[in-house]
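Each residue of the sequence shown is one higher than the one before, starting from 20 at the first, in this note's numbering.
Ideal placement from N, C-alpha and C gives every residue a C-beta, glycine not left out.
Inspection log for the structure reproduced underneath, given as structure tokens.
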Amino acid sequence: MKWISHILWLFWVLGSGSFAGEPATPLTPERILPVDGPANRQPSGLTIWQDTLFTVSDRHPNTVFRLEIREESAAMIPYRNFPVTETFGNDWLDFEGITCDSAGNFYIV
């Protein structure tokens, strides 16, 4: 039961931080492109490192993809593969986000 209070406390701290009261910055798309890539690609999450965009996919949980921007489309190019082990009785993971640090280490959630 104690772990529930720790989780609730964490959500409270994260939810009441520097985001409170700040107005949202409106976004204006520069280009809208279809994304080519593996079958059933489902890109999920986006990060930038060294002026290159990277994403993960709901249906390809062992790959970080580089997004190659082309004239008429963008392409998901496999960039880094990693082993996926069985977790909590599942052999499939559903990643929803990606970020990276200045050294190029990816963090996937």
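Handout entry: Separation of Glu91 from Phe84, as counted between CA atoms
Key = Position 65 of the sequence shown, counted from the first residue, corresponds to residue 84. Position 72 of the sequence shown, counted from the first residue, corresponds to residue 91. When rounded, the distance between both Cα atoms is 19 Å.
Problem - First through last residue of the beta strand (DSSP E) which encompasses Gly56 - result: For the purposes of this step, residue 56 is taken as the residue at position 37 of the sequence shown. No beta strand (DSSP E) holds Gly56; DSSP gives it neither H nor E.
Practice task
Mind checking who Val103 pairs with in its DSSP beta bridge?
Solution key: Here residue 103 refers to the residue found at position 84 of the sequence shown. Per DSSP, none; premise fails for Val103.
Problem - Start and end residues, beta strand (DSSP E) containing Pro80 - result: Numbered from its first residue, the sequence shown carries residue 80 at position 61. 79 to 88 is the span of the beta strand (DSSP E), which, as asked, contains Pro80.
Exercise for the section: Given a cut-off of 8 Å, decide if Gly116 and Gly56 are closer than it, judged by their beta-carbon atoms. Expected result: Working through the sequence shown from its first residue, we reach residue 56 at position 37. Working through the sequence shown from its first residue, we reach residue 116 at position 97. For Gly56 and Gly116, no; Cβs fall outside 8 Å.
Exercise for the section: Check the Cβ-Cβ distances between Gly116 and every residue of chain B, and say whether any is below 8 Å. Expected result: Checking the listed chains, one finds no chain B in this structure; it contains a single protein chain.
Handout entry: DSSP beta-bridge partners of Tyr12
Key = This structure cannot speak to residue 12, because the chain is shown only from 20 to 128.
Problem - C-alpha gap between Ala94 and Leu86, whole angstroms - result: Translated into the one-based positions of the sequence shown, residue 94 becomes position 75. Translated into the one-based positions of the sequence shown, residue 86 becomes position 67. Using only the alpha carbons, I get a separation of about 6 Å.
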